[in-house]
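Mapping of the sequence shown onto UniProt numbering: residues 1 to 409, in sequence order.
This report refers to the structure that appears directly beneath it.
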Amino acid sequence: EDPELNINHPYYDVARHGIIQLAGDDNSGRKVITFSCCRMPPSHQLNHTRLLEYLKYTLDQYVENDYTVVYFHYGLKSLNKPSLKWLQTAYKEFDRNCSYSVLPSMIFNSLITISFSFPRYKKNLKALYVVHPTNFIKILWNIFKPLISHKFGKKITYLNYLSDLREHLKYDQLNIPQEVIRHDENLRGRQKGRLPPVVKVPPPRPPLPTQQFGVSLQYIKDKNKGELIPPVMKETVSYLKRKGLQVEGLFRRSASIQTIKDVQKLYNQGKSVNFDDYHDIHIPAVILKTFLRELPQPLLTFECYDHILGITSVESSLRVTRCKQIVQGLPEHNYVVLKYLICFLHMVSQESIYNRMTASSLACVFGLNLIWPSKGTASLSALVPLNLFTELLIDFYTNVFNSRTVPGE
1 EDPELNINHP YYDVARHGII QLAGDDNSGR KVITFSCCRM PPSHQLNHTR
51 LLEYLKYTLD QYVENDYTVV YFHYGLKSLN KPSLKWLQTA YKEFDRNCSY
101 SVLPSMIFNS LITISFSFPR YKKNLKALYV VHPTNFIKIL WNIFKPLISH
151 KFGKKITYLN YLSDLREHLK YDQLNIPQEV IRHDENLRGR QKGRLPPVVK
201 VPPPRPPLPT QQFGVSLQYI KDKNKGELIP PVMKETVSYL KRKGLQVEGL
251 FRRSASIQTI KDVQKLYNQG KSVNFDDYHD IHIPAVILKT FLRELPQPLL
301 TFECYDHILG ITSVESSLRV TRCKQIVQGL PEHNYVVLKY LICFLHMVSQ
351 ESIYNRMTAS SLACVFGLNL IWPSKGTASL SALVPLNLFT ELLIDFYTNV
401 FNSRTVPGE
């Protein structure tokens, strides 16, 4: 059970099983949500209607942004799968006009797929990975593939082994149930012939003098004549201020993985980047998020994590003051960079009538790029305080950052 899960959580009865979890980001920086069938208790111990509501409740926090789902099929048995009667009742709630709405009746035991019959959930779903699919699912998919939306069909990938996930996701961030790991080991053990030899990973190379991604703020400062604001942040923010403030959905969209890698390489090699060459305003937005996410330590520091989680227990009228106290305690360099970033995000939120990015929307995007735990990934129950803290920083930027002056700022 998640130690951060509060008994007052609106779906505590379902959430405590850990069936649905947040699992960091994929290789494109999109949030990853996992669904583990093996964690579903026997049907008489689980209200499947509540499970579906909790799934929708979870997705509601991300459907405005691009996101990915990993569905661990192993462990769904007659003992814990929902009844056909319940599925028929639940299906009546769904949008029958979706071109792929036949999918739930084909793979009836996949709750995660059923939910995508809602148009608002399918729009920004960029990938659905079905791990350890049964032959029955594969056969049905091939039979009914012509009836399913081609666009949606391209989002589904069947993976026979857990190792296949490494190509698409940050595998170490996934909280994979031990039952699924053992099942995967058994499947591999049945393979005919010998497994390919383990490839030795060479030791990491020392960072380049011009490196900007994956190195500390201090390293960047030392290599850039003492400049407090990293060049990549200064350039992306400057570009977005000029050309992106009124772009609808700014920071919600992903970009080509290869293009992002190419831009990162240019920055790391100390070469100039002209975002006009890419004709995509979302590229500098993704680069900014990627920079923050790849810092060795989060901008808000590991030390602040537990303090930030406690923001929801503070009386509403005192929360801005508490935010200010936490921020004032940051190291000077972190404080300056955070102030620079939040000032920009505050500007973005002021244009929300055009870009649809309110402080709350921006907090959902940037919360986990500013703070994460020192071990593992933030749980679903931690999202509320983390996002609330970020929203307060953006909304009350002037109040939070008005009393501390740092030399060289």
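We treat Cβ as the ideally placed atom computed from N, Cα and C, and that holds for glycine.
- In the structure shown, the three-state DSSP call for F35 is strand.
- Beta-bridge pairing by DSSP links L128 to V69 and I156.
- Under the three-pair Cβ rule at 8 Å, the region 256–271 does not count as touching the region 369–380.
- Nearest neighbour of L217 by Cα position, chosen from H346, F302 and L295, turns out to be L295.
- When secondary structure is reduced to three states using DSSP, A359 falls in the helix class.
- The alpha helix (DSSP H) runs lying completely inside the region 160–227 and spanning 4 residues or more are 178–189 and 217–223, given in chain order.
- Contact check for N334 and L299: beta-carbon distance about 6 Å, within the 8 Å limit, so the pair qualifies.
- Contact annotation: the region 302–312 touches the region 382–392, with at least three C-beta pairs closer than 8 Å.
- Contact check for V32 against L128 fails: the beta carbons are separated by 8 Å or more.
- Exposed is the label assigned to R205, since fewer than 16 other Cβ atoms lie within 10 Å of its Cβ.
- A direct Cα-Cα distance of roughly 8 Å separates R188 from Y161.
- Judged by DSSP secondary structure, L59 falls within the alpha helix (DSSP H) whose first and last residues are H48 to L59.
- Annotation: L22 is outside any alpha helix (DSSP H); the continuous beta strand (DSSP E) that includes it extends over I20 to D25.
- Closest in C-alpha terms to I342, from the list F389, E315, G329 and D25, comes F389.
- Annotation: G244 to R252 spans about 13 Å, alpha carbon to alpha carbon.
- Judged by DSSP in its simplified three-state form, E315 adopts coil rather than helix or strand.
- With the rule of 3 Cβ pairs closer than 8 Å, the region 10–24 counts as touching the region 42–54.
- Around the CB of Y354, fewer than 16 other CB atoms lie within 10 Å, so the residue is classed as exposed.
- By the CB criterion at 8 Å, T377 and L125 fall outside the cutoff.
- Ranked by how close their Cα comes to the Cα of Q246, the residues D172, L345 and R190 have L345 in first place.
- DSSP, reduced to helix, strand and coil, places G310 within a helical segment of the structure shown.
- Nearest to S43 by alpha-carbon distance, out of K81, L76 and N65, is K81.
- Around the beta-carbon of P230, 16 or more other beta-carbon atoms lie within 10 Å, marking it buried.
- The alpha-carbon separation between K155 and Q178 amounts to approximately 27 Å.
- Put simply, of T134, P10, Q61 and D60 the residue whose alpha carbon is nearest the alpha carbon of Y71 is T134.
- Cα atoms of D26 and R242: separation of roughly 29 Å, rounded to the nearest angstrom.
- For Q297, no alpha helix (DSSP H) run applies, since DSSP gives it neither H nor E.
- Taking Y11 as reference, the option from E351, S36 and K56 with the minimal CA-CA separation is K56.
- In the structure shown, E391 falls within a helical segment according to DSSP collapsed to helix, strand and coil.
- By alpha-carbon distance to E64, the top candidate from V180, K123 and M40 is K123.
- The Cβ-Cβ distance between T34 and L174 falls below 8 Å.
- In the DSSP assignment, K234 falls within the unbroken alpha helix (DSSP H) covering P231 to K243.
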